[in-house]
Amino acid sequence: MQQTKQFLEASTTLLGQKFIAISVEDSVKYNSSEKDGIKLMVSLQDENSVVFLDLIQVKVRNISPSISENDLNNIKGKRINFKNLKIGIYNSQLTFSAEDVFLIKKGENDK
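Written out as structure tokens, the structure is:
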């Protein structure tokens, strides 16, 4: 299990650094209506990435992310980045989570 965890931690760099937001929705705790973060559908757009996943869902475990509410409402098609992006496995499926999400302004981090 430790080897799997180490492999998954190292694998986040393989996703690249170019993420385009597709949609966002609130995340709520299981069997509750209490908000515990947001879920973002993200398109991987880094041409140097060796990973061929078109869309991933990233759960941001932060009820007040760095992106403003207005920016969240208009996030479709915008470039974003994550703080402490992690990959896990749940029920034999890859899961993606992060501590925070940031909007990348045009001209920043263009590679």
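Sequential numbering from 20 applies to the sequence shown in the working numbering.
For glycine and all other residues, C-beta sits at the position ideal for the given N, C-alpha and C.
Is it buried or exposed for residue i, if we count other Cβ within 10 angstroms and need 16 for buried?
{"i": "I108", "result": "exposed"}
{"i": "A117", "result": "buried"}
With C-beta atoms as the reference, is residue i less than 7 Å away from residue j?
{"i": "T31", "j": "I123", "result": "no"}
{"i": "A40", "j": "L63", "result": "no"}
{"i": "S68", "j": "L34", "result": "yes"}
{"i": "F38", "j": "V61", "result": "yes"}
{"i": "F121", "j": "N100", "result": "yes"}
Rounding to the nearest angstrom, what Cα-Cα distance links residue i and residue j in this structure?
{"i": "N81", "j": "K102", "result": "11 Å"}
{"i": "D65", "j": "K95", "result": "17 Å"}
{"i": "S46", "j": "S52", "result": "9 Å"}
{"i": "T23", "j": "K78", "result": "20 Å"}
So is residue i in contact with chain C if we call contact Cβ pairs under 7 Å?
{"i": "E66", "result": "Among the chains in the structure shown there is no chain C, since it carries only a single protein chain."}
Kindly indicate which three-state DSSP category residue i falls into: helix, strand or coil?
{"i": "L91", "result": "helix"}
{"i": "L34", "result": "helix"}
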